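*Asks:*
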Amino acid sequence: MKVALLGTLACEQRERLAGLVTMPFELVPLPDGAPMAEVAATLGTTPAMVTLKYQRGMPPAPALGLLHVGGAGYDDIDLDYLPPGAVVCNAFGHDVPIAEYVILAMLQWCSRFIEAERSLRVEGHWRLGGRTGAPLQQELAGKTVGILGLGQIGRALIPRALAMGTEVIVSTRTPGPLEPGVAWIGGPDRLDELLARADFVVVTCALTPDTLGLLDRRRLATMKRTGVVINVSRGPIIEEAALYEALLSGSIGGAVIDAWYQYPTRDDLTVPPSRFRFQDLPNVLMTPHSSAWTTGMIERRWATIAANLDRFARGEPLVNVVYRA
2 MKVALLGTLA CEQRERLAGL VTMPFELVPL PDGAPMAEVA ATLGTTPAMV TLKYQRGMPP
62 APALGLLHVG GAGYDDIDLD YLPPGAVVCN AFGHDVPIAE YVILAMLQWC SRFIEAERSL
122 RVEGHWRLGG RTGAPLQQEL AGKTVGILGL GQIGRALIPR ALAMGTEVIV STRTPGPLEP
182 GVAWIGGPDR LDELLARADF VVVTCALTPD TLGLLDRRRL ATMKRTGVVI NVSRGPIIEE
242 AALYEALLSG SIGGAVIDAW YQYPTRDDLT VPPSRFRFQD LPNVLMTPHS SAWTTGMIER
302 RWATIAANLD RFARGEPLVN VVYRA
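Heads up, the sequence shown is in my numbering, so the first residue is 2 and it goes up one at a time.
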């Protein structure tokens, strides 16, 4: 069975995938920039595809039965462009590193570890030392962590945040039973309450039509003036201009941003992450969408993809189905 690996990121995992599948597959690499005739010829007959992006304007895939996204988010898949009967599945494995990243971000915000280390190493200065009258640091213990969205990332974050001595509250689309140790879990109707109470607002929900621009000017204004928003999901869940203005004016305390509004190509790695200069703001920590990028995540994610391809080839039920055309 032919499987198209569409895009450079998928192609880079060809050898790994070949070592994981048990059924006889022909893994066809179609990296970024592949000749369009080659892409069209392959997609015209392939029953399965692994990719992060497939949209109208790309060659059609009339025989497609399975489109496996190489990650959790499928907002770059044009679902309306898929042929009837096609199934879309996604892959996770990113919950552990992203939860660890959030803990790291909150600890850094409280302790100013990076600034203290740079001050002594680079400047040779003790100005942030405990014996020199430096401003007191904060402790993460006792803070309130508000989690927006209770998927795999949110569930992985809960025990880690509780272990740090924080209070955890959650707003999610479909609240279920109370998780052990969590103060409360509410629906969208309690989002404003979460924003007003949390010291750290962690955005982990998926980007959907319902969550696009969910944190707008009004909702950001609901946060504490000392509140910090941490976005490890998708940039547009928070209104870009509203976030920049809130940080610039100091109406919120700060932001840790790993999910952005503009992304680079392999040919240009200097694309700015936003049309606004977040890098000039002192109350922002910025990372290049790297919170999930670990060896463990790659191993777990591609094991899931391989197992699903095997199921598809055998005609067995698939896991992680997110859409059926």
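Just so you know, even glycine gets a beta-carbon here, dropped at the ideal spot from N, CA and C.
Since the structure is predicted, the reported quantities are computational estimates derived from the model, not experimental observations.
Rank GLN14, MET59, LEU21, GLY45 by C-alpha distance to the C-alpha of GLY34 and give the top, closest one.
*Replies:* Position 33 of the sequence shown, counting from 1, holds the residue named residue 34. Checked all of GLN14, MET59, LEU21, GLY45; the closest Cα to GLY34 is MET59.
*Asks:* Kindly indicate which three-state DSSP category TYR102 falls into: helix, strand or coil?
*Replies:* Within the sequence shown, the letter at position 101 stands for residue 102. Reduced to three states, the DSSP call for TYR102 is helix.
*Asks:* Per DSSP, what kind of secondary structure is TRP261 in: helix, strand or coil?
*Replies:* Position 260 of the sequence shown, counted from the first residue, corresponds to residue 261. Residue state, collapsed to three classes: coil.
*Asks:* For VAL97, I'd like the list of residues in its chain whose CB is within less than 7 Å of its CB, leaving aside the five on either flank, ordered along the chain.
*Replies:* Translated into the one-based positions of the sequence shown, residue 97 becomes position 96. Contacts found: ALA157, GLY297.
*Asks:* If you draw a straight line from the alpha carbon of TYR55 to that of SER120, how long is it in whole angstroms?
*Replies:* Numbered from its first residue, the sequence shown carries residue 55 at position 54. Numbered from its first residue, the sequence shown carries residue 120 at position 119. Their backbone Cα atoms lie some 46 Å apart in a straight line.
*Asks:* PHE277 and TYR245 look like a contact to me (Cβ under 8 Å); what is the Cβ gap, rounded to whole Å?
*Replies:* Looking up residue 277 in the sequence shown gives position 276. Looking up residue 245 in the sequence shown gives position 244. Yes, PHE277 and TYR245 are in contact; Cβ-Cβ is about 4 Å, under 8 Å.
*Asks:* Can you tell me the Cα-Cα spacing of LEU53 and GLU140, whole angstroms?
*Replies:* Here residue 53 is taken as the residue at index 52 of the sequence shown, counted from 1. Here residue 140 is taken as the residue at index 139 of the sequence shown, counted from 1. Taking the straight line from one Cα to the other gives about 39 Å.
*Asks:* Would you decide whether ALA142 is buried or exposed? Buried here means 16 or more other CB atoms lie within 10 Å of its CB.
*Replies:* Taking the first residue of the sequence shown as 1, we reach residue 142 at position 141. ALA142 should be labelled exposed.
*Asks:* Taking Cβ to Cβ, would you say ILE231 is nearer than 9 Å to ALA307?
*Replies:* The residue you call residue 231 lines up with position 230 of the sequence shown. The residue you call residue 307 lines up with position 306 of the sequence shown. Cβ distance not < 9 Å, so ILE231 and ALA307 don't count as in contact.
*Asks:* Is the Cβ-Cβ distance between ALA117 and GLY152 less than 9 Å?
*Replies:* As a first step, residue 117 must be located in the sequence shown, where it is residue number 116. As a first step, residue 152 must be located in the sequence shown, where it is residue number 151. Against a cut-off of 9 Å, the Cβ pair of GLY152 and ALA117 comes out as no contact.
*Asks:* State the start and end residues of the unbroken beta strand (DSSP E) segment that holds ARG219.
*Replies:* Here residue 219 corresponds to residue number 218 of the sequence shown, with the count starting at 1. Element bounds for ARG219: not the beta strand (DSSP E) but the alpha helix (DSSP H), 218-223.
*Asks:* May I ask you to report which of helix, strand or coil DSSP gives THR145?
*Replies:* Translated into positions along the sequence shown, residue 145 becomes position 144. It is a strand residue.
*Asks:* Note the first and the last residue of the continuous beta strand (DSSP E) segment covering TYR324.
*Replies:* If you number the sequence shown from 1, residue 324 lands on position 323. Segment 322-325, the beta strand (DSSP E) holding TYR324.
*Asks:* What runs of the alpha helix (DSSP H), each 4 residues or longer, lie entirely inside the stretch 3-91?
*Replies:* Entirely contained in the stretch 3-91, the alpha helix (DSSP H) runs reaching 4 residues are, in chain order, 9-12, 15-21, 37-44.
*Asks:* Who are the near neighbours of ALA247 in its chain, counting only those whose CB is closer than 6 Å to its CB and skipping five residues on each side?
*Replies:* Position 246 of the sequence shown, counted from the start, is the residue given in the question as residue 247. So the list reads LEU221, ILE253, once near-sequence residues are dropped.
*Asks:* Let me check understanding here. Comparing Cα to Cα, which of LEU21, VAL29, PRO25 lies closest to ALA11?
*Replies:* Working through the sequence shown from its first residue, we reach residue 11 at position 10. For the residues LEU21, VAL29, PRO25, the minimum Cα distance to ALA11 belongs to VAL29.
*Asks:* Give me, in chain order, the residues of the same chain whose beta-carbon lies closer than 6 Å to that of TYR324; leave out the 5 immediate sequence neighbours on both sides.
*Replies:* By 1-based counting over the sequence shown, the position of residue 324 is 323. These residues qualify, in order along the chain: LEU80, VAL89.
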